[in-house]
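For reference, the structure is listed below as structure tokens.
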Amino acid sequence: MASGKGHGSMSPSMKFIRLLIILLNLVFVIAGGILLGIGIFVVKDPKMQQLRPLLNPDATAKYSQTLSNIEIFAIILIVIGGILLFIGFLGCCGAIKGFKCLHILYAIIIGGIILAEIIIIILFMAYQNSFKSDLVGKLQKSIQRYYVGPPINNSTVSNPISLSWDFAQFNFQCCGAINKSDYLNTTSWNRTNPYYPNTTLTVPFTCCALNATKNWNGLPTNMIEANTCATTGTTAYTQGCYDRLVDLVYSYKKYVIIGGAIIGVVEILAFLFAILLYCRKADYNAL
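Below, the structure is given as structure tokens:
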């Protein structure tokens, strides 16, 4: 029984496997802590707070209070981080205490996670194009229905979605969802130039280069330097904000792949070692 002779009677190979399981689970604990930290940072980051209305899945229907895609992503990171911490704790306890029930529970959880990850990857590969077209369509509709122009000199009564577009365009240096043509059919923007009321704007001032430090807490108070660009649209940013955001995400692609590969290898090894420990009944009976 487990309360008998102790761990000293185990074979050196099984002791080594137990040590490997403990080390693998320490990786889970570290990875879980990192994901928890990232999730909390995403929720609190001013950049994400400004993008929340823009990435709200119901933004085109109303000023919804439902969770945005950013918040859903952050919650997923926090949940995954919590699961990894739980797995790490469970695996370490199973390896140290030698309880067979913990090993089989641990193996079942790891196996379920590996299966879920495979399904998620397959679904992502299958539906990524439809996800893009659906999101881009919602972003374009949010511009058409809710964009009212940047709040310059209190000339415009703005709204969260409109402000979110201005912050995104100013900081990401992009224009519209796909390009500046997304502003051709706006229904709420009167296009009045706040600096020269007799002229009209073709694109928002935030679609133009501004000599101001990027800031997610506030827009520049004076954008007159972009007047020519905003009225003619000739030198406006050519890249849309969707592609700009995708490029930004893809810049971290290498690190995501490396981290995912490491976690995947650790999960597979931990699963196999847990099954191996569970199947070695003779070593358990020797304890």
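Numbering (the working numbering), first residue to last: 1 to 287. C-beta atoms are modelled at their ideal positions from N, C-alpha and C, and glycine is treated no differently.
Enumerate, from N- to C-terminal direction, the unbroken alpha helix (DSSP H) stretches of 4 or more residues contained entirely within the region 138-176.
Segments of the alpha helix (DSSP H) lying fully in the region 138-176: 160-172.
Could you give the residue range of the alpha helix (DSSP H) that holds C241?
Residue numbering aside, residue 241 sits at position 241 when the sequence shown is read from its first letter. Here the alpha helix (DSSP H) through C241 covers 241-250.
What does a CB cutoff of less than 8 angstroms around G82 pick up in its chain, not counting 5 residues either side in sequence?
Against the sequence shown, residue 82 aligns to sequence position 82. The residues are G32, L36.
Give every residue of the same chain whose Cβ lies closer than 7 angstroms to the Cβ of D182, excluding the five residues on either side of it in the sequence, and list them in chain order.
Against the sequence shown, residue 182 aligns to sequence position 182. These residues qualify, in order along the chain: Q140, I143, G176.
Please go through the same chain and pick out, in chain order, the residues whose beta-carbon is closer than 8 angstroms to the beta-carbon of I119, but skip the five residues on each side of it.
Residue 119 sits at position 119 when you count from the first residue of the sequence shown. Result list for I119: empty, nothing under 8 angstroms.
What are the boundary residues of the alpha helix (DSSP H) that L23 is part of?
Residue numbering aside, residue 23 sits at position 23 when the sequence shown is read from its first letter. Unbroken alpha helix (DSSP H) run through L23: 12-44.
When the Cα atoms are used, what is the spatial distance from V27 to A236?
Within the sequence shown, the letter at position 27 stands for residue 27. Within the sequence shown, the letter at position 236 stands for residue 236. Approximately 47 angstroms between the Cα atoms of the pair.
Among residues of its own chain, excluding the 5 on either side of T186, which ones have a beta-carbon nearer than 7 angstroms to its beta-carbon?
Mapped onto the sequence shown, residue 186 falls at position 186. Same-chain partners within the cutoff: I143, Q144, Y147.
Output the boundary residues of the alpha helix (DSSP H) element that contains E225.
Here the question's residue 225 lines up with position 225 in the sequence shown. Neither: E225 is in no alpha helix (DSSP H) and is coded neither H nor E.
Which same chain residues end up closer than 7 angstroms to Y195 when comparing Cβ atoms and leaving out the 5 residues on each side of it in sequence?
For the purposes of this step, residue 195 is taken as the residue at position 195 of the sequence shown. Counting only Cβ-Cβ distances below 7 angstroms, and skipping sequence neighbours, we find I224, N227.
If the criterion is Cβ atoms closer than 9 angstroms, does the pair L184 and T192 meet it?
To locate residue 184, count along the sequence shown from 1; it is residue 184. To locate residue 192, count along the sequence shown from 1; it is residue 192. Cβ atoms of L184 and T192: not closer than 9 angstroms.
Is the number of C-beta pairs between the region 234-253 and the region 164-176 that are closer than 8 angstroms three or more?
Flag = yes, the region 234-253 and the region 164-176 touch.
May I ask you to list the residues that DSSP assigns as paired with T200?
Position 200 of the sequence shown, counting from 1, holds the residue named residue 200. Bridge partners of T200: T192.
Three or more C-beta pairs closer than 8 angstroms, one from the region 205-220 and one from the region 258-273: is that the case here?
Short answer: they don't touch.
Can you list, in chain order, the residues of its chain with a C-beta nearer than 6 angstroms to that of I110? Leave out the 5 residues immediately preceding and following it.
Taking the sequence shown and counting its residues from 1, the one referred to as residue 110 is at position 110. These residues qualify, in order along the chain: E267, A270, F271.
Rounded to whole angstroms, how far is the Cβ of P150 from the Cβ of D166, which I believe are closer than 8 angstroms?
Position 150 of the sequence shown holds residue 150. Position 166 of the sequence shown holds residue 166. Correct: roughly 5 angstroms between the Cβ atoms.
By the 10 Å Cβ neighbour count, where 16 or more other Cβ atoms means buried, how is C92 classified, buried or exposed?
Position 92 of the sequence shown, counted from the start, is the residue given in the question as residue 92. Classification for C92: buried.
Would you report the Cα separation of P197 and S130, rounded to the nearest angstrom?
Taking the sequence shown and counting its residues from 1, the one referred to as residue 197 is at position 197. Taking the sequence shown and counting its residues from 1, the one referred to as residue 130 is at position 130. Each residue's alpha carbon lies about 42 angstroms from the other.
Return yes when at least one heavy atom of the ligand COA lies under 8 angstroms from the C-beta of L23, else no.
Because no ligand of any kind appears in the structure shown, any question about the ligand COA cannot be addressed here.
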